[in-house]
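Numbering (this note's numbering), first residue to last: 907 to 1296.
Please read the structure below before turning to the comments.
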Amino acid sequence: MTIRAIPIAFLLGIPLTGARAHGQIAAQTAGQQIAQQPPAQKELMAEDVYKNIQVLRGIPENQFLATMGFFSASIGESCEFCHDDESSWAGYAKDNAHKQTARKMVLMMNAINKSYFGGSRKLTCYSCHRGTDLPKVTPNLAEQYSAPVVEEPDVITDQAAGEPPAERILDKYIQALGGAQRLASITSVSAKGTYQGYAEIEKSPIEIMAKAPGQRVTIIHTSNGDWTTTYDGRAGWVAEPGRPVPLLELTGQFLEAVKVDADLAFPARIKQSFSEGRVGYLTTINDREVEVVQGDSGGIFPVKLYFDKESGLLVRQVRYTNSPVGLNPTQIDYTDYRDVSGVKMPFRWTTTWTDGRSSTELSEVKANLPIDAAKFAKPAAPAAGKPVAR
907 MTIRAIPIAF LLGIPLTGAR AHGQIAAQTA GQQIAQQPPA QKELMAEDVY KNIQVLRGIP
967 ENQFLATMGF FSASIGESCE FCHDDESSWA GYAKDNAHKQ TARKMVLMMN AINKSYFGGS
1027 RKLTCYSCHR GTDLPKVTPN LAEQYSAPVV EEPDVITDQA AGEPPAERIL DKYIQALGGA
1087 QRLASITSVS AKGTYQGYAE IEKSPIEIMA KAPGQRVTII HTSNGDWTTT YDGRAGWVAE
1147 PGRPVPLLEL TGQFLEAVKV DADLAFPARI KQSFSEGRVG YLTTINDREV EVVQGDSGGI
1207 FPVKLYFDKE SGLLVRQVRY TNSPVGLNPT QIDYTDYRDV SGVKMPFRWT TTWTDGRSST
1267 ELSEVKANLP IDAAKFAKPA APAAGKPVAR
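The structure is reproduced here in structure tokens:
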């Protein structure tokens, strides 16, 4: 079982990840902007929300659970490996030998990076553990003499030789969906279906509404209450029962993620939403060749979009968020494209990140229905409760 983290992975814009809050704002002087903005709210730190925080003090609350996810991915264990009392958030805070060892490992990692790499993060938990709780000390001869596994880089630094320009691949995608004219005619999308988290047996009803050019809301009706994620074009929030902060305003890279989701809901503007396109080398997903386009959405890290070479459709999106101990990937895989008002849309996607996995399957999608602007406003805070399985 894993604690539910901020649903940056689910946020389909996906879930597609990295997006800066830079919506269309009328030109103002700096003085006017400052005068009209409300006082900045103090950012919650991990120690403001969770108990018994020691070596991770001083990091934002919205990075804390993502850091837990990085630990989980690095050692191949779930939450209960270090948190043996899952009855409440206070139970999660209790000490044990594994948690004490983890603190020592973080201090060791930070000391090595500081002493040998000038403070740059070259060494992480994953560098040594690679998905096991005990780093291996004996070479694996089968690995040594088998075909090497080619791992894709986190960032495409140069346009791959012999690959087409990004604009050509994006144009093919637009055409595969139905063409620029039909895409431009879609001004809103209203969808219903089901959502299932990694540790959940039952599926929960989900509603998704999006309005051009960049507003989006998802509402998951769980047995614990509604889990709502909204983005109004400039600001975003997550209202999630079972969290110690049941209503959280999204900032930084988590706000970037929901903006990307909102942008990708309307592919007609994909070339405007993702600038500085760069194409990597051809790769395969499920034995099918895919073309990889990396784009800058305005966030800290670029977003990688994977298009089926034959059909031109988007089949995967990968984005990254930073944590104090390493880089967290989020991957969304899209399938089951169907026609909606002359435009193809995915009816099924799977979102995977370091502390969870979810599957969304739509049963109904309608285009150009009127959507009340209040749907994208700041949601009401749900009641706090126990940690929720994800």
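Every residue, glycine too, gets a C-beta built ideally from N, C-alpha and C.
Bear in mind that the values here come from a model prediction, so they are computed numbers and not experimental data.
Please state whether DSSP places residue i in a helix, a strand or coil.
i, result
"residue 982", "coil"
"residue 1019", "helix"
"residue 968", "helix"
"residue 1036", "coil"
"residue 1059", "coil"
"residue 1157", "coil"
"residue 1162", "helix"
"residue 1139", "coil"
"residue 1245", "strand"
"residue 1221", "strand"
"residue 1149", "coil"
"residue 1230", "coil"
"residue 1069", "coil"
"residue 1012", "helix"
"residue 1254", "strand"
"residue 1173", "helix"
Pull up the distance between the alpha-carbon of residue i and that of residue j, whole angstroms please.
i, j, result
"residue 1094", "residue 1165", "16 Å"
"residue 984", "residue 1155", "27 Å"
"residue 1008", "residue 1130", "31 Å"
"residue 1266", "residue 1144", "18 Å"
"residue 1159", "residue 965", "14 Å"
"residue 1177", "residue 1120", "14 Å"
"residue 1141", "residue 1065", "33 Å"
"residue 1086", "residue 1279", "26 Å"
"residue 928", "residue 1283", "Bear in mind that a pLDDT of 33 at residue 928, under 50, signals an unreliable position, so the number given afterwards is only what the model happens to contain. Answer to the nearest angstrom: the Cα atoms are 17 Å apart."
"residue 1285", "residue 1169", "21 Å"
"residue 990", "residue 1024", "37 Å"
"residue 1088", "residue 1277", "20 Å"
"residue 1153", "residue 1052", "50 Å"
"residue 1146", "residue 1045", "45 Å"
Of the residues the options, which one's Cα is nearest the Cα of residue i?
i, options, result
"residue 1099", "1127, 994, 982, 1052", "1127"
"residue 1173", "1190, 1211, 1255, 956", "1211"
"residue 1123", "952, 964, 1281", "1281"
"residue 1196", "1257, 1202, 1215, 1205", "1215"
"residue 1138", "1150, 1145, 1117", "1117"
"residue 1073", "1279, 1175, 1226", "1175"
"residue 1260", "1275, 1111, 1087, 1037", "1037"
"residue 1245", "1229, 1083, 956, 1060", "1083"
"residue 1229", "997, 950, 1030", "1030"
"residue 1012", "1033, 1000, 1058, 994", "1033"
"residue 1002", "988, 1134, 1106, 1276", "988"
"residue 1264", "1232, 959, 1102, 970", "1102"
"residue 982", "960, 1039, 957", "1039"
For residue i, which residues from the same chain have a beta carbon less than 7 Å from its beta carbon, with the 5 sequence-adjacent residues on both sides left out?
i, result
"residue 1272", "1096"
Would you kindly report the start and end of the unbroken alpha helix (DSSP H) that includes residue i?
i, result
"residue 960", "Note, residue 960: premise wrong, no alpha helix (DSSP H); not H, not E."
"residue 1204", "Premise fails: residue 1204 is in no alpha helix (DSSP H) and is neither H nor E."
"residue 1081", "1072-1083"
"residue 1177", "1176-1179"
"residue 1212", "Premise fails: residue 1212 lies in the beta strand (DSSP E), 1209-1214, not in any alpha helix (DSSP H)."
"residue 1116", "Where residue 1116 is concerned, there is no enclosing alpha helix (DSSP H), although the beta strand (DSSP E) it sits in stretches over 1110-1117."
"residue 1027", "Premise fails: residue 1027 is in no alpha helix (DSSP H) and is neither H nor E."
"residue 1090", "1086-1090"
Leaving out the 5 sequence neighbours to the left and right, which residues in its chain are closer than 6 Å to residue i when beta-carbon positions are compared?
i, result
"residue 1200", "1062, 1184, 1208, 1210"
"residue 1268", "1097, 1099, 1253"
"residue 1042", "none"
Which stretch, first to last residue, makes up the beta strand (DSSP E) that contains residue i?
i, result
"residue 1102", "1094-1103"
"residue 1127", "1121-1128"
"residue 950", "Run containing residue 950: none; DSSP gives neither H nor E here."
"residue 1263", "1262-1273"
Quick one: what's got a C-beta closer than 8 Å to residue i's C-beta in the same chain, skipping five residues either side?
i, result
"residue 1250", "1082, 1083, 1084, 1219, 1243, 1244"
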